[in-house]
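FYI, in numbering that gives the first Met the number 0 the residues of the sequence shown are 0 to 99. Quick reminder that beta carbons are idealized off the backbone N, C-alpha and C, glycines included. Predicted, not measured: the structure shown is a model, and the values here were computed from it. Remarks on the structure that follows.
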Amino acid sequence: MDEIAILEEKIEALIGYIKKITEEKNYLMEKIAQKDAEIENLKLELAQLQDEKSVVKSKIGEILQKIEQVGLGSPEPTTTQASSELPLKISKEETSTTGF
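What follows is the structure, given as structure tokens:
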């Protein structure tokens, strides 16, 4: 009879373990569903921000064109120009005082 009692205890322990794992699985599935919804919301927000960026970039381009048409454009190089495009004027006096 002791063998049957031991077997019964082991079966009850297994049933408890299965219930615990099933509850954990359900919790994790719910958490995954929440994260999936969060990902979708973030994707929508990213798309909206990219659209806004495109609109702002376009409007800035239009404003810069209008400024250039009026002749108010800066003769100085802009920060977007490469350093190789910057004018370099070094006089003989500058080179002798700087050691070049």
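{"Query": "Rounded separation between residue 14 and residue 31 - CA only", "Result": "26 Å"}
{"Query": "Euclidean distance between Cα positions of residue 26 and residue 10", "Result": "24 Å"}
{"Query": "Bounding residues of the alpha helix (DSSP H) (the contiguous stretch that carries residue 60)", "Result": "1-69"}
{"Query": "Rounded separation between residue 22 and residue 42 - CA only", "Result": "30 Å"}
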